[in-house]
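Working notes, structure below.
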Amino acid sequence: MFSIASIVAGTAAGEIGQSVRQLRWRMLFYILAGVLVLTAYVSVVSALVIYLAQTHGIVSALLLVSFASLFLAVVAIGVMKARTEYIRRKRRQRSEINTLAVAAGLSVLPGLVKHRGLFVAISVAGLAALAGAGMRNSK
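Going by the numbering used here, the sequence shown opens with residue 33, and the numbers climb by one from there.
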């Protein structure tokens with residue numbers, strides 16, 4: 033007969049398999065949607081170039097669209113770098129707060145712990161945590 037563990041494992045494996053299949057279908061449809069959006073973008077840019085070529089000449093139209101695309105790319109890279117720096121700064125602040133919390137906990141520890149052995153064990157663990165937090169801050 034089947035044990036409960038094998039039934040639970042089989043159910044979990046079936047649910048995981050189902051989730052993987054759903055994820056594959058979603059990824060396939062997202063890729064298809066991305067290709068269609070890219071096609072629409074290329075069509076719009078081509079139409080813009082054709083329109084500008086009729087009014088300003090082909091070279092001017094191509095240069096205008098190229099510089100506009102370059103400008104948008106530079107703006108996107110700037111936004112990405114600013115966001116990355118913001119996240120890095122937040123992580124650094126959070127790490128510094130954790131370091132201060134560990135240091136504060138270690139400073140009040142002697143008054144809270146009566147047994148010397150327990151004090152030494154907790155102090156070593158706290159110092160290891162403090163050193164680890166310090167190493168993360170230096171990166």
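Cβ atoms here follow ideal geometry from the backbone N, Cα and C, with glycine treated the same way.
Computed from a predicted structure; not experimentally measured.
Check, Outcome
"Nearest to ALA136 by alpha carbon, out of GLY49, ARG56, ALA161 and THR87?", "ALA161"
"Assign ILE154 to one of three DSSP states: helix, strand, or coil.", "helix"
"Return the chain-ordered list of same chain residues with a C-beta closer than 6 Å to the C-beta of VAL10, the five sequence neighbours on each side being excluded.", "Given that the chain is displayed from residue 33 to residue 171, the structure contains no residue 10 and the question cannot be resolved."
"Classify MET33 as helix, strand or coil using the three-state DSSP reduction.", "Note on MET33: pLDDT 48, under 50, position unreliable in the model; the coordinate value appears next. The answer is coil: DSSP assigns MET33 none of H, G, I, E or B."
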